[in-house]
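Trainee: The structure follows.
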Amino acid sequence: IQQCGITLQDVPGEKIWIELKLILRGRFAGHIMRTILEQRLGPILGLPESLVEMFELENRWLRSMNYQPEPMTLLVTLFNDQEEFDTFCKRAKCSSRHKNLGQFLLDYRYSLQPMRDHDLLYSYKEFLINSHQNQQDIRHQYVIELLKYQGYIYLIDEIKQWSIPTFPIDAWDLQQNGLMSSRSFSYFLRHLKEQWKSSHFQMTKEELIQYGFQSGLFYT
0 IQQCGITLQD
10 VPGEKIWIEL
20 KLILRGRFAG
30 HIMRTILEQR
40 LGPILGLPES
50 LVEMFELENR
60 WLRSMNYQPE
70 PMTLLVTLFN
80 DQEEFDTFCK
90 RAKCSSRHKN
100 LGQFLLDYRY
110 SLQPMRDHDL
120 LYSYKEFLIN
130 SHQNQQDIRH
140 QYVIELLKYQ
150 GYIYLIDEIK
160 QWSIPTFPID
170 AWDLQQNGLM
180 SSRSFSYFLR
190 HLKEQWKSSH
200 FQMTKEELIQ
210 YGFQSGLFYT
């Protein structure tokens, strides 16, 4: 295998990526990738020589295989840092869609974790709500892949079914309620949004207006 593997040096990156995607979406993805890495063919493909990560990739595949993880979701297991990820992307010429997913997983695989309260997904939901509206849909998909990567399989169905709520109040609503202040409306909206998030996104427009008056926020 190693002797034949040398010929991979001459294979274009685009072809490498096509074949890797087929392998990683197949029924024996974990086993085949372990064999590739055991035979030390990783560097030829742009992958690091990962021994510990090799077994973790197979374990991650076994945990999430029923949810069909994206190829990059599995491959990110092998990358310890940005440099290793960039090396692979340069060699494999992977598409921007897969590269963006990989970058997201690399950036958030440790920092974005379930909360230890009654809503385990709160931190993920808050992250999505804080994202720019134009990015929310694609980041929703990224978060699903992140949960597969992290092994929180039991949370995937819930986040899939969750619709990202819209903050129910804007500057016009404040004006309609007679609010005139030397402070900018963005100041009030920022504080109201924090209150809305603390209610797990349940407070209505009317409740937020009432909170603004009763808490004294609108008088500051």
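Residue numbers for the sequence shown follow the numbering used here, beginning at 0 and rising by one. Just so it is clear, CB atoms sit at the ideal spot from N, CA and C, and this is done for glycine as well. Computed from a predicted structure; not experimentally measured.
Assuming Ser-49 and Leu-61 form a contact by the criterion Cβ under 8 Å, report the distance between their Cβ atoms to the nearest whole angstrom.
Mentor: So it is not a contact: roughly 17 Å between Cβ atoms.
Trainee: Where do the N-terminal and C-terminal ends of the alpha helix (DSSP H) with Met-53 fall, by residue?
Mentor: Segment 51 to 63, the alpha helix (DSSP H) holding Met-53.
Trainee: Roughly how many angstroms separate the alpha carbons of Leu-7 and Ile-31, rounded to a whole number?
Mentor: The straight-line gap from Cα to Cα measures roughly 16 Å.
Trainee: Can you tell me which of Asn-79, Tyr-121, Trp-16 puts its alpha carbon nearest to the alpha carbon of Glu-69?
Mentor: Looking at the Cα atoms, Trp-16 is the closest of the given residues.
Trainee: Hey, Gly-41 and Ala-91: beta-carbon distance below 8 Å or not?
Mentor: Contact: no.
Trainee: I believe Lys-124 touches Trp-161 by the beta-carbon criterion, under 8 Å. Please report the beta-carbon distance rounded to the nearest angstrom.
Mentor: About 7 Å; that satisfies the 8 Å criterion.
Trainee: Which residue wins for smallest C-alpha separation from Arg-189, given the options Asn-129, Gln-213, Leu-146?
Mentor: Among Asn-129, Gln-213, Leu-146, the Cα nearest to that of Arg-189 belongs to Asn-129.
Trainee: Beta-carbon separation of Tyr-141 and Phe-200 under 8 Å?
Mentor: Result no, Cβ atoms of Tyr-141 and Phe-200 do not sit closer than 8 Å.
Trainee: Looking only at its chain, what residues have a beta carbon closer than 7 Å to the beta carbon of Leu-178, apart from the 5 residues adjacent to it on each side?
Mentor: Result list for Leu-178: Phe-217, in chain order.
Trainee: Go ahead and label Tyr-109 buried or exposed: buried means 16 or more other beta carbons lie within 10 angstroms of its beta carbon, across all protein chains shown.
Mentor: Result: exposed.
Trainee: In angstroms with no decimal places, state the Cα-to-Cα distance between Arg-226 and Trp-171.
Mentor: Nothing can be reported for residue 226: it is not among the residues displayed for the chain, which extend from 0 to 219.
Trainee: Identify, in the order they occur along the chain, each residue of the same chain with its Cβ nearer than 6 Å to the Cβ of Gln-149, setting aside the five sequence neighbours on each side.
Mentor: None.
Trainee: Kindly give me the distance between the Cβ atoms of Ile-143 and Ile-155, rounded to whole angstroms, as I take these residues to be in contact under 8 Å.
Mentor: Yes, Ile-143 and Ile-155 are in contact; Cβ-Cβ is about 6 Å, under 8 Å.
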